[in-house]
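Q: Right, I'll just put the structure down here and ask away after.
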Amino acid sequence: MAEPQPPVDPDPTPTASPWVEYLAAAQSLDLVRREAATAAATATQAASAVRAELDQVASQLELQRARLVAETVRAGLPPPQLDPTPSEQASAEALVGSEPATVAEALRHSQRLLESANAELVTGVSAAQAERGWWPPPLWVWVVAGLSTVAALACAIPLVLILFG
Numbered sequence: 746m747a748e749p750q751p752p753v754d755p756d757p758t759p760t761a762s763p764w765v766e767y768l769a770a771a772q773s774l775d776l777v778r779r780e781a782a783t784a785a786a787t788a789t790q791a792a793s794a795v796r797a798e799l800d801q802v803a804s805q806l807e808l809q810r811a812r813l814v815a816e817t818v819r820a821g822l823p824p825p826q827l828d829p830t831p832s833e834q835a836s837a838e839a840l841v842g843s844e845p846a847t848v849a850e851a852l853r854h855s856q857r858l859l860e861s862a863n864a865e866l867v868t869g870v871s872a873a874q875a876e877r878g879w880w881p882p883p884l885w886v887w888v889v890a891g892l893s894t895v896a897a898l899a900c901a902i903p904l905v906l907i908l909f910g
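Take the sequence shown: its letters are residues 746 to 910, numbered as in the working numbering.
Right, dumping it as structure tokens:
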């Protein structure tokens with residue numbers, strides 16, 4: 746009769762004891778847990794930074810919207826349509842997505858557009874006042890300012906709606 750064989754160890758590397766194996770596994774799991782916690786904290790910080798930047802852009806948009814509407818009313822023109830259409834919103838959502846890095850880049854682009862639109866508006870109003878010495882400025886000022894603002898709004902408002910809506 747043959748003697749019974751001891752069970753085969755699935756881990757062929759020799760270890761001091763099962764306790765040492767347990768400690769190694771626990772340390773490995775702890776490292777994975779720490780890396781996951783660090784990644785989650787980094788993602789949370791990135792999302793907070795994007796949200797703060799979005800709040801700033803939204804505030805700038807509201808100021809520019811109010812100024813543009815006030816100036817067009819003062820000029821006796823109807824207020825421009827500044828809200829994006831559903832197709833513009835869908836296009837912006839598809840273009841931007843939900844990745845924090847992509848959203849942050851879109852926000853930076855929106856800020857550049859807003860700064861450009863503000864500069865155009867200020868330049869146009871100043872030039873018109875200097876040329877004519879009276880208000881309202883020529884129509885081209887409103888066209889340039891309106892187009893710049895609409896471009897900025899078309900990029901930024903859908904972001905606001907995506908992230909806050």
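Ideal placement from N, C-alpha and C gives every residue a C-beta, glycine not left out. It should be emphasised that the depicted structure is a prediction, and the values quoted were computed from it without experimental measurement.
Tell me whether S855 sits in a helix, a strand or coil according to DSSP, three-state version.
A: In the structure shown, S855 sits in a helix (DSSP, three-state: H, G or I).
Q: Can the beta-carbon of P824 be found less than 8 Å from the beta-carbon of V818?
A: Their beta carbons are under 8 Å apart, which means P824 touches V818 by this criterion.
Q: So, are the CB atoms of P845 and V802 less than 8 Å apart?
A: Not in contact: P845 and V802 (Cβ atoms no closer than 8 Å).
Q: Rounded to a whole number of angstroms, what is the C-alpha to C-alpha distance between L840 and D800?
A: So the alpha carbons of these two residues sit roughly 20 Å apart.
Q: In this structure, how does DSSP classify S762 when only helix, strand and coil are distinguished?
A: In this structure, S762 counts as coil in the three-state DSSP scheme.
Q: Does the stretch 807-814 come close enough to the stretch 781-789 to have 3 or more Cβ pairs within less than 8 Å?
A: Verdict: no, contact absent.
Q: Among V814, S762 and A771, whose alpha-carbon lies nearest the alpha-carbon of L866?
A: Cα-wise, what sits closest to L866 is V814.
Q: Taking the alpha carbon of S863 as the point to measure from, which residue in E816, A785 and R779 has its own alpha carbon closest?
A: According to the sequence displayed, residue 863 carries Asn and not Ser. Minimum Cα distance to N863 is reached at E816.
Q: Can you tell me the Cα-Cα spacing of T830 and Q805, whole angstroms?
A: Using only the alpha carbons, I get a separation of about 20 Å.
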